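A.B. asks: Chains as they are written, first to last, in the numbering used here: chain A, 1 to 519; chain B, 520 to 839; chain C, 840 to 1174; chain D, 1175 to 1509. Where a beta carbon is used, it is the ideal one built from N, C-alpha and C, also for glycine. Since the structure is predicted, the reported quantities are computational estimates derived from the model, not experimental observations.
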Amino acid sequence: MTAPEPEESAVPQGTEDQVVLRLHDVVKIFPGVRALDGVQLEVRAGEVHCLLGQNGAGKSTLIKVLAGVHHADAGEITWRGEPFAPGTPQAAMRAGIATIYQELDLVDDLSVAENAFLGHEPSLFGFTRRRVTASRTREILARLGHAEISPRRLVRSLPAAAKQVVSMARALSHDARLIVMDEPSAVLAHDEVANLFRIIRELTAQGIAVIYISHRLDEIRDIGDRVTVLKDGRTTAANLPARTTPTRELVGKMTGRSIEYVFPPGRDAPPEEDPLLVVENLTRSGEFADVSLTVRPGEIVGIAGLVGSGRSELLETIFGARRPDAGTVKLAGKPVRSVEAAVRGGMGMAPEERKSQALLLDEPIFKNMTLASFTKFAKVGFTDTGGERAASERTAKSLELRPPGVIRPVRTLSGGNQQKVVVGRWLLGGTRLLLLDEPTRGVDVGARAELYQVIRDLAERGVGVLLVSSEVPEVLGLADRVLVMREGHMIHESPAAEIDEDTVLNLVMAGSLLEGEPA
Amino acid sequence: TSNNPTENTQVNTNEGNDNAAPGEKVVIGFSAPAADHGWIGAITSNAKAQAGQYSDVELKLTEAGADAATQRAAIATLIAEKPNIIVMLPYDGKELNAAGIQAMQAGIPVVNLDRAFPSAAAYRLQIKGDNYGMGLAAGAYIGAQLKAKGVSSPVIGEIAGIDSLELTQERSQGFTTALAVYGFKVANRRAADFTVNGGQQAATDLLQALPKMDALWNHDDDQGIGVLAAIDQAKRSEFFMVGGAGSKAAIDTITKDDKVLKATVTYSPSMASSAISLARLIAQGKGMSDLVELQVPKEIMLSSETITKENAAQYAKLGF
Amino acid sequence: MITETLPAEKREPRRLDEGTIRNLGLIGVLVLLVIIGIITRPELYSDPAWVRNNILVILQQASAIGVVTVGMTFVIIGGGIDLSVGAIIALAGVWCTTVATQSFGAAGMIFTALMVGIGVGLVNGLLIAYGKLVPFIATLAMLVAARGLAAQISDKQTQISTNETINAIATTRIFGIPLLVYILAAVAAAGWVLLNRTTFGRRTVAIGGNEEAARLAGINVKRQTVLLYVLSGLCCGIAAIMLTSQATSAQAGMANLYELDAIAAAIIGGTLLSGGRGTIVGAVFGVLVFSTITNLFAINNLETEVQNMVKGGIIVAAVLIQQFRYQSLTQLFKK
Amino acid sequence: MITETLPAEKREPRRLDEGTIRNLGLIGVLVLLVIIGIITRPELYSDPAWVRNNILVILQQASAIGVVTVGMTFVIIGGGIDLSVGAIIALAGVWCTTVATQSFGAAGMIFTALMVGIGVGLVNGLLIAYGKLVPFIATLAMLVAARGLAAQISDKQTQISTNETINAIATTRIFGIPLLVYILAAVAAAGWVLLNRTTFGRRTVAIGGNEEAARLAGINVKRQTVLLYVLSGLCCGIAAIMLTSQATSAQAGMANLYELDAIAAAIIGGTLLSGGRGTIVGAVFGVLVFSTITNLFAINNLETEVQNMVKGGIIVAAVLIQQFRYQSLTQLFKK
Ligand SMILES: Nc1ncnc2c1ncn2[C@@H]1O[C@H](COP(=O)(O)OP(=O)(O)OP(=O)(O)O)[C@@H](O)[C@H]1O
Ligand SMILES: Nc1ncnc2c1ncn2[C@@H]1O[C@H](COP(=O)(O)OP(=O)(O)OP(=O)(O)O)[C@@H](O)[C@H]1O
Ligand SMILES: [Mg+2]
Ligand SMILES: [Mg+2]
């Protein structure tokens, strides 16, 4: 492979007085990986500068260098005209760079206000000024459109979406000239993203620069001004206009190839067979009530709904990880009451939070992939690591795991590749029914297309799939049948072909079909 | 007990003793449990001080650490170094019995100090304190005093040392037996841990459980400092107290007679000094000059004496 | 949207947080222990003067270990552990009762004890924060070394405190309540304020709950870690004075196994061993449960071995009672 | 691109994993200790017979605590902790040396010790897995209770083993090497295989590394937790026999503070106290370091208090040496 050709646009071209941040040939090396390998970046005051790149391209590493978490091994950074090399996160913050990290960086047992002002608490002789902190937090939250989140509430008790708001509040609590956002929309629902964009526009109107990272191209088109594309730690294109650059070109710069389609082409409805999964009147008080659904072999059933509508809890209950208050779950006619029974019966689940719920971060990839199936490889209790590795390698190849190889610890993989490991776990296990909770969260465009294909292929082979996603196009593009969940109730069901995005969104938000649409 | 270590040892200066004349050089291996307690501390310092009295003795200290297993290791190492004789205060006589036998079989005589080996093959000489006798003496003193006062059904308290040690059991048994002679029994018994804080805590609890008390026996004068402090703090004085072991502080208090402590029954660490002297004689093949026998006898048991205000002056020099 | 899924707080029934519920559980355990005491020794409990005095005795017995537990709670909340507390007390106690130190009078002794505590805590903290030693190993090494040094300094003898002022600390009562109890109350109150109302406390929770997040928020994790061990050392210094005064003496073996007691009290009081969560009030209740148990055994003249068997059972029961209460209460609030 | 930035795994220099590096560090520490021994006591080390015997003494001293450490390592890797190991040993030792048990002969005694170990481990495991008690508290309660029961059973007396077969375990040598050393080797080897080559080991690492992930992968976390404490109890049963044979007796106070030693050895050997990672080889090296230190002190006639001070320093140094090696080696691999 050859190094990417230097593009004319890779040369920074902003006028000097506008440019607040400039990176030249920045390099960051981790043991065995050149995470950044000559990055060029230039950000102007008051713009939203988007960073695009595949999983593992180095986006998070780049912003951590800016935030003083990592130190660049080579290269130059200029911040507001001065050379810049923050030694600590505090130094970066003082210089006016605030960061919203990809992984939630909150302390569960501190309140919302304390989290927002962590590290720079308003205080008098070391005593925290709780009223001041609370009122300032309340202001910021109101500005963020979330006045309903109480500043005194413990972060532990907040749902994921609200935690993301608190992360944002923390960034705004600094008097920042540049705010870096690493996939802030990954855990946000549709309407929350709109809210986020409103705030970003407010910020840029004040001349604050924003670096925005996302895998969702539509978002970038919506909010972004200019785009810089990273591939394998290098800038492959810089300062492309966000709105007008063709998708084909962006994807090409990111992946080095063109992706013809995102969703696999539509297919014929799967044959009518007896249902594999039958859920009847499942209820967990406070989470969801009276949910009934079926999944047939080879069928992909998608559940749309807002964050907080209880879909994760539903999946976990079906999987046997939570005890239902009422109702039954049957897999191929047999009741499922525990995770072990579910796994034994051929059910698998890729949970919502892969790091805390699915991965042994310090263990090698192949041991993570075979976590649910190592007993099947084993002979009389003795494990067959050779067999596990070989099988994992095949699966890794079919998922196009990057970097290849199954021995390195999962911790060193980028988020999207970690997700592939989780999906791979169930491909290995001879799964008959796969429960997927937000499977493409944080996964790049290329890998996403691969994952979609993998899911389709599984269905073609007769595996039933129950898919939860907050991205409506994903549900519509992938599923054969769509269910809509709202506040714990299943309010709609129809074949995917008979429903469109607007209808689903309206159902999700208002709970009713659009006027004039047939029910 | 004293804050000045040099006052703390009891040695036989051997004036006018023929055996004191320098003989062939003797290497004495010495092993005692780790000392975090005054009595054991005094054992080691006495041994060192006594060895210092002889120009022909070299003392090899191998302290035994925190438990019987560590002491076994220390003894194994000591045996490999082939001293002429080993003086050992075992963590527990029964647990170290095998170590004693091992040394004897290696041709090294063993002087057992304080805690007896069950097997006679495990030692050449045994110098024992009398734990049971200590309890007996304390019980007898308390019984006699109470009887003299005419108390008919007295409330008697007991503060023991570390309860899982056999010596504690022996002391308590002796105490119960002696009290039974007078028809008395122990109303409440707390175990401490041979530390001053332990003594203070246990005594506080005991005083709380017995709002009125006639007599108290505390097994150990070292933890007795804490016991006396607790009694002061509770402002109690309606009873009298007997101590154990015979520390310098206890003897001083008894002499001054300004606290509830009226007597103590001895269990003197001076036995370590005697052990070193006798070990030297055994190694040199000499006997004890007052005995007719040519060799040192096999067993010596110290008697537990009762120190009161009347005879305290006499015992002052034995206080540790 | 979050508004819809999250009931606004005003409309929510004022929810007891887990900490409070745990503390209620511990009060329940305490009440239960007292009831057992009343049932087994009614004649003692029928005397109000005795009961009053008994409460003071329990508090007094809890005072020194309570002070240590406050420091330990901070260390554990901050994600560490301090196995050397007992050894620090011994070293501080022995150091402040040497003949030389005693010649400087009470102020000199108190100063010495506090300085020794702070100094050892500082070494612990530096080893852990900058030497990158696991707290368990670093403080275990310190345990061994500090006890050794204490034995060396005291020449393995019990050192008597002849200072009347120091010795009076244990006997002084103010409004009928022992000074020692006031000291515990003051330390606990200061600890509560420090944990809940200062940046120091909030940062402690942060580094214990999510060290990476704390670091990213610009908190100097290393310095905070050092300070936590210094705080624990300081508490040990205070406890050393209290114990020395109570026993009118100090010795290398004093405060034996205080580390286990303090950790157990903190955990029973709701502190997470993995860090990030804990309450001072709970820790103090934990200490009180333990000293009430000891008191109960004493007034019932239980033998040591029976005591131990029963104590194991009570610890398990206490934790189960807390859990039971918690679950049943959350059940209640669900409905 | 990827091939360029990331050498494919086959071409990568065979990288030593952290565990191996730590073990190398521990071997370094051992060598250092031996060198200190040679320097301080050259006359002893010049005698080959003495050296050979000394190695056997060290190994023999490490044998019982080594067996306990293997069990402890499993528990810690599985995310728990077992503070009751010393107490289990005492209970098993005392129970198997009662007059009644001894009347069943050696087989009866061994069976009893193992059953007591397994039984107590089972109770620990059930309390933790199903009673949802924090391991620290559950096993601390068990520590107190089991020692109490041991004192009760033995009536606080040291119980002498009159069984020749049992007593012979400590004195038997095969090819000149003590049987006790073979037992340690067998347990360590079995532990290594169990951890690294069986599904049991994989489950242990899984539940310790990420309990939730293990649960959602269909692993029965509760059962595995119970089994881990049973395993630790079993190791204690074995150690009880070994110690009883060495002392030809058992007593309620035996194996005092073995919990601290075992945990320390495991951690020094590279086991993460928070679970999910650890090696058996490292744990055994950790034990050897401790018993070599003790041996070094013994041959140098160090007084206990000096011993303790030096020991604290050596522990710190040992950990620092490991870290130093690790960093310098990774430095090497960067280039
Ligand atoms: N602490 C680390 N140690 C070793 N390698 C690392 C570390 N952090 C990141 N890497 C590696 O650096 C490369 C870049 O990772 P980074 O997290 O920056 O990717 P990313 O672009 O943010 O991907 P994603 O879109 O999945 O978040 C990856 O190959 C990753 O495996
Ligand atoms: N930590 C928490 N404490 C209290 N309530 C919570 C918590 N997490 C979630 N909930 C509540 O549980 C319900 C379901 O929340 P959840 O976010 O898991 O739903 P979801 O549909 O799975 O969302 P997602 O789109 O993130 O998958 C909501 O009513 C939410 O408010
Ligand atoms: Mg990233
Ligand atoms: Mg969810």
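1. Could one say the Cβ of V1126/C lies closer than 9 Å to chain B's Cβ atoms, at least one of them?
2. Taking G1048/C as the query, report the chain A residues whose CB atoms sit under 8 Å from its CB, ordered along the chain.
3. Within 9 Å of any Cβ in chain A, is that where the Cβ of G1115/C sits?
4. For a contact defined as C-beta to C-beta under 7 Å, what are the partners of T1373/D on chain A?
5. Using the beta-carbon count (16 or more within 10 Å), is N1002/C buried or exposed?
6. Strictly below 7 Å CB to CB, what residues from chain A border L1390/D?
7. Does L1494/D come within less than 9 Å of chain C when only Cβ atoms are used?
8. Looking at the secondary structure, which residues open and close the beta strand (DSSP E) in which V606/B lies?
9. Check whether chain B comes within 9 Å of Q1505/D, counting only Cβ atoms and requiring the distance to be less than that.
10. Take the Cβ of V1273/D as the centre, count every other Cβ of all protein chains shown within 10 Å, and call the residue buried at 16 or more, exposed below.
11. What alpha helix (DSSP H) runs, 4 residues minimum, are completely inside the segment 43–105 of chain A?
12. Identify the contact partners of M181/A in chain C, using a Cβ-Cβ distance below 7 Å as the criterion.
13. For a contact defined as C-beta to C-beta under 9 Å, what are the partners of I1058/C on chain A?
14. Can you confirm whether the segment 1412–1424 of chain D touches the segment 1433–1445 of chain D when touching is taken to mean that 3 or more C-beta pairs between the two stretches lie within less than 8 Å?
15. Give me the Cβ distance between G919/C and L1082/C, rounded to the nearest whole Å; I'm assuming they're in contact under 8 Å.
16. So, G462/A versus G298/A, is the Cβ gap smaller than 9 Å?
17. Counting pairs of Cβ atoms below 8 Å between the segment 66–81 of chain A and the segment 234–247 of chain A, do you hit three or more?
18. Could you tell me which chain B residues have their CB closer than 9 Å to the CB of L1082/C, listed as they occur along the chain?
19. The beta strand (DSSP E) that contains F758/B, what's its start and end?
20. Mind pulling the chain C residues with CB within less than 8 Å of T723/B?
21. Going by beta carbon distance, what residues of the same chain come within less than 7 Å of T204/A, once the five residues before and after it are set aside?
22. Three-state secondary structure (DSSP) at V906/C?
23. On the DSSP bridge assignment, give the partners of V295/A in chain order.
24. So is V1404/D in contact with chain A if we call contact Cβ pairs under 9 Å?
25. Classify S1465/D as helix, strand or coil using the three-state DSSP reduction.
26. Where does T714/B sit, in a helix, a strand or coil, going by DSSP?
27. Could you tell me if the beta carbon of I1160/C falls within a distance shorter than 8 Å of some heavy atom in ligand 3?
28. Can you find a heavy atom of ligand 3 that lies under 8 Å from the Cβ of I300/A?
29. According to DSSP, is M490/A helix, strand or coil?
30. Return the chain-ordered ranges of every beta strand (DSSP E) run that is complete within the segment 163–196 of chain A and spans a minimum of 3 residues.
31. State yes or no: is the C-beta of L1073/C within less than 9 Å of the C-beta of G956/C?
32. In whole angstroms, what separates the C-alpha of A832/B from that of N1298/D?
33. Answer with yes or no whether the minimum CB distance from G1245/D to chain B is below 9 Å.
34. Are any of the Cβ atoms in chain A nearer than 9 Å to that of A968/C?
35. Can you list, in chain order, the residues of its chain with a C-beta nearer than 7 Å to that of S285/A? Leave out the 5 residues immediately preceding and following it.
36. Between which residues of its own chain and N1469/D is the CB-CB distance below 8 Å, once the five residues before and five after are set aside?
C.D. replies: Straight from the coordinates:
1. No, no contact with chain B.
2. For G1048/C, the residues of chain A that pass the 8 Å Cβ criterion are V107, D108, D109, L110, in the order they occur in the chain.
3. When Cβ-Cβ separations below 9 Å define contact, G1115/C makes contact with chain A.
4. F374, T375, A378, G381, T383, listed in chain order.
5. N1002/C should be labelled buried.
6. Those within 7 Å of L1390/D in chain A are A321, V339, M349, P351, Q357, A358.
7. With 9 Å as the cut-off, L1494/D counts as an interface residue toward chain C.
8. The continuous beta strand (DSSP E) containing V606/B extends over residues 604–607.
9. Bear in mind that the predicted position of Q1505/D carries a pLDDT of just 48, short of 50, making it unreliable; the figure below should be weighed with that in mind. Not an interface residue.
10. When all chains shown are included, V1273/D counts as exposed.
11. List check, alpha helix (DSSP H) in window: 59–66, 89–94.
12. From the beta-carbon of M181/A, no residue of chain C is found nearer than 7 Å; the closest lies around 14 Å away.
13. Here the neighbours are P89, Q90, L118, G119.
14. With a cut-off of 8 Å, the segment 1412–1424 of chain D and the segment 1433–1445 of chain D do not count as touching, because too few Cβ pairs lie within range.
15. Wrong, their Cβ atoms sit about 24 Å apart, outside the cutoff.
16. Yes, the pair counts as a contact, with Cβ atoms nearer than the cut-off.
17. No, they do not touch.
18. Correct list: V715, N716, Q719.
19. Where F758/B is concerned, there is no enclosing beta strand (DSSP E), given that its DSSP letter is neither H nor E.
20. Chain order gives the chain C residues near T723/B as V896, Q899, Q900, where near means a beta carbon separation below 8 Å.
21. Hits under 7 Å: G46, E47, V48, V210.
22. Per DSSP, reduced to three states, the secondary structure at V906/C is helical.
23. DSSP lists L277/A as partners of V295/A.
24. Chain A has no Cβ within less than 9 Å of the Cβ of V1404/D.
25. Helix, per DSSP.
26. Of the three classes helix, strand and coil, the one that applies to T714/B here is coil, per DSSP.
27. No; taking the cut-off as 8 Å, the Cβ of I1160/C has no heavy atom of ligand 3 nearer than that.
28. At a cut-off of 8 Å, the beta-carbon of I300/A does not count as near ligand 3: no heavy atom of the ligand is closer than that.
29. Strand, per DSSP.
30. 178–182, all fully within the segment 163–196 of chain A.
31. Taking 9 Å as the Cβ cut-off, L1073/C and G956/C qualify as a contacting pair.
32. If you take the alpha carbons of A832/B and N1298/D, they lie about 57 Å apart.
33. No - not a single Cβ of chain B is within 9 Å of the one on G1245/D.
34. Answer no: the Cβ-Cβ gap between A968/C and chain A never drops below 9 Å.
35. Correct list, in chain order: D325.
36. Only G1211, N1228, V1231, I1232, Q1235 meet the Cβ criterion.
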